[in-house]
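So in the working numbering, the last spot in the first sequence is 556, and the numbers never skip.
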Amino acid sequence: MYLLDQVKNQITAIIQRALERAVAQGALPAEILDNSGMIALEVPREETHGDWATNLAMISARAARMAPRKIAEILASYMDLTNSSVEKVEVAGPGFINFHLNPTWLNQVIGEVQTAGSQYGQLEIGEGEAVQVEFVSANPTGPLHVGHGRGAVVGSVLANLLGKAGYQVQREYYINDAGNQIYNFGLSLEARYFQALGQDVSVPEDGYHGEDLKILMAEVVAEVGDKYLDLEPEERRTILTKFALKRKLADIERDLREFRVYFDNWFSESQLHQEGAIEDTVRELQANGSIYDDGGALWLRSTQYGDDKDRVVIRENGIPTYLAADLAYHKNKFERGFSKVINIWGADHHGYISRMKAGVAALGFDPESLIVKIVQLVTLLRDGEPVAMSKRTGKLVTLAEVIEEVGVDAARYFFIMRSADSQLDFDLSLAAAHTEENPVFYIQYAHARIASILRQAADLGHLPQLAVGQSLGDVINLATVDVSLLTNDSELALLKKIAFWPEEVKVAALTMEPHRIARYAHELAGAFHSFYNASRVISADSALTMARLSLVDTVGIVLRTALDVLGISAPERM
RNA sequence: GCGCCCGUGGCUCAGCUGGAUAGAGUGUCUGACUACGAAUCAGAAGGUCGCAGGUUCGAAUCCUGCCGGGCGCGCCA
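As structure tokens, this is what we get:
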């Protein structure tokens, strides 16, 4: 258990005991114990209000039929603070009980972090439960564009975060390599192939108009010439499609790897078709009465599970819809034993959630364990002006281009720094700028500065030179360092920020809000910069120097850990 | 028309399982480098939290209605 939780438990226990004694001695009515199971501690906004506060007296006022302040005062008077980190308790405002801690509780933080290293903040709330995060899953019919970038980062950071919280996470990419759109893809490829051979053929209106296919087919022609001209159209398209899918997928994988986005499993839709999984799923749904025939098509009774209308799964022409494949896919996922199946989808797919959940329920799984996280759209800007994009003509800004322009670190940070619920303005010029306006560098600069201080300290003989990946605890005996010398405001603020990292991970994981980690990293960097400007680390006072160096190194560890979750590099120099 | 997301200082956004005087970055203004990296720091100004009701001891936060922006509403994926 981390220090922060120990302290919280201490305070909760103090309140609990005060409650019991006050009731036992008749100072408070027994009804008040009804609320004692839910003693909530919160961090007051105002620093003068202490380190922690509880609103217990206020929420108990009704049951106890007493004024909140009165309850608070009685409770406070029954509190026993001996052997605790709580230095002072006060009643304030409408009935808050504020707890002021003795700053010495922070003395152990440095040791805690140094011992845990990169494992600091590793939690067990996931209890090793297997969960899956499926994200990106872009059609392998074209390059990844900016919109995919956000999903890629949100998904990968969420997966990292859940791992940090103690879940067993699988990262999966669903390859839509079957069905109608692949048929269309084949037609477009065929047209481009003919064009490459000089024929006057146009790409179908609803086909794929990207330049990339033109280039790809030119390549095919260069290699095999008009060899496919005489084949049956179906065979020709199959050959071209197979070739193109393989290439496009390889491109996608390469772009993602470049973007530090990795998958444990690439799951192919066509596999479901080959295995007959779709038919099996439909049959199962028919057997349990979730599917009916109307007008020659098969419909899923999704309204029974909260959807607006029933949905077609098998068309009149006998071809399954996308939903049918997705039902089979999700059945497959749940059968693999995940307790949570998490999907990251773009905002344009939100209308699909209720039917998907209905389908999952119809298949006998808990729809609550299917969690769909919607990521809102990205508006790409340059110097504050929207970048013109047209999906129709295939003129989209690709993810690879964005990375090329602003770099992986900045791109990742910009995609993750806002809540996924909010639409995102991604300003290329800002992300690319190596100036004070750019928050990525603010964080990285803190890390580089830390590395620089440690180098300097080693040069001056205060400690051995640290290798990359080494921390202070690896090269000196920390027991000889007196961290209680760290007492000024900026030092305490920094220590406190460090102590909150596990809590930060917990909240971000439970709410599945990875952007909180980006915020945290920024705040930690800020606390460090303030400290740096307020306190000279290396001085003539060697005891203080060592204490501050251990603090500096500890900040470095936490900063690296947070950046690691974000998939952003922590440079030693900039 | 229905559904989902958003509406918070000039700009971009946090805060949203209700809590005490609404925060950050940027921009503007004022200061800090003859010692560890000024890609930094300290300070100031700047807000009817879209509007109107409601719930409550207490609402940016929950509920209802309206207004504004985005996205979706296929036997497409």
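Beta carbons: idealized from backbone N, C-alpha and C, even for Gly.
Every value quoted in this text rests on a predicted model; they were computed, and no experiment measured them.
Item                                                                                                          : Value
Proximity to E383 [Cα-Cα], best of Y304, L362 and A269                                                        : L362
DSSP-derived helix/strand/coil call for N80                                                                   : strand
Cβ-based burial, I(-4) [other Cβ within 10 Å; buried from 16]                                                 : buried
Secondary structure of A552, DSSP reduced to three states                                                     : coil
Buried or exposed (CB count within 10 angstroms, at least 16 for buried), A274                                : It should be pointed out that residue 274 corresponds to Tyr in this sequence rather than to Ala. Y274 is exposed by the Cβ-count criterion.
Best match in G443, D194, R542 and I353 for proximity to I234 [C-alpha to C-alpha]                            : D194
Cross-strand partners of T36 (DSSP beta bridge)                                                               : L23 and I79
Residue range of the beta strand (DSSP E) that includes R293                                                  : R293 to I296
Endpoints, the alpha helix (DSSP H) within which E187 is located                                              : Run containing E187: none; DSSP gives neither H nor E here.
Within 8 Å, strictly: CB atoms of V(-11) and T536                                                             : no
R364 versus A370: straight-line alpha-carbon distance, rounded                                                : 10 Å
Residue from L460, H497 and A343 whose Cα sits closest to the Cα of I92                                       : L460
Inter-stretch contact (C-beta, 8 Å, three-pair minimum) for the stretch 464 to 473 and the stretch 522 to 536 : yes
Touch test, the stretch 151 to 163 against the stretch 107 to 123, Cβ-Cβ under 8 Å, three pairs minimum       : yes
Rounded Cβ spacing between V185 and S170 (contact assumed at less than 8 Å)                                   : 5 Å
Helix, strand or coil at L352 [DSSP, three-state]                                                             : strand
DSSP bridge partner residues for S66 (one or two, in chain order)                                             : Per DSSP, none; premise fails for S66.
Where the alpha helix (DSSP H) containing W483 begins and where it ends                                       : W483 to T493
Beta-carbon proximity check, I53 vs L(-14), cutoff 8 Å                                                        : no
Which of helix, strand or coil DSSP assigns to G538                                                           : helix
N-terminal and C-terminal residue of the alpha helix (DSSP H) that V463 is part of                            : Counting along the chain, V463 falls outside any alpha helix (DSSP H), and DSSP gives it neither H nor E.
Stretch pair the stretch 77 to 85 + the stretch 23 to 38: three plus CB contacts closer than 8 Å              : yes
Closest residue to A343 among N270, P302, I301 and F397 (Cα-Cα distance)                                      : N270
Given L312 as reference, the closest of G341, A45 and K209 once Cα atoms are compared                         : Before going on, a small fix: residue 312 reads as His here, not Leu. It is G341.
Continuous beta strand (DSSP E) stretch holding F408: start and end                                           : L406 to D409
First and last residue of the uninterrupted beta strand (DSSP E) at Q114                                      : A112 to E116
Beta strand (DSSP E) segment containing S250, residue limits                                                  : N247 to S250
Where the alpha helix (DSSP H) through L(-15) begins and ends                                                 : L(-15) to A6
Option nearest S321 by Cα separation, candidates L436, A475 and F347                                          : F347
Status (buried if at least 16 other CB within 10 Å, exposed otherwise) for Y165                               : exposed
Inter-residue Cα distance where the pair is E298 and L280                                                     : 8 Å
Local Cβ density within 10 Å of M61, reported as buried at 16 or more and exposed below that                  : buried
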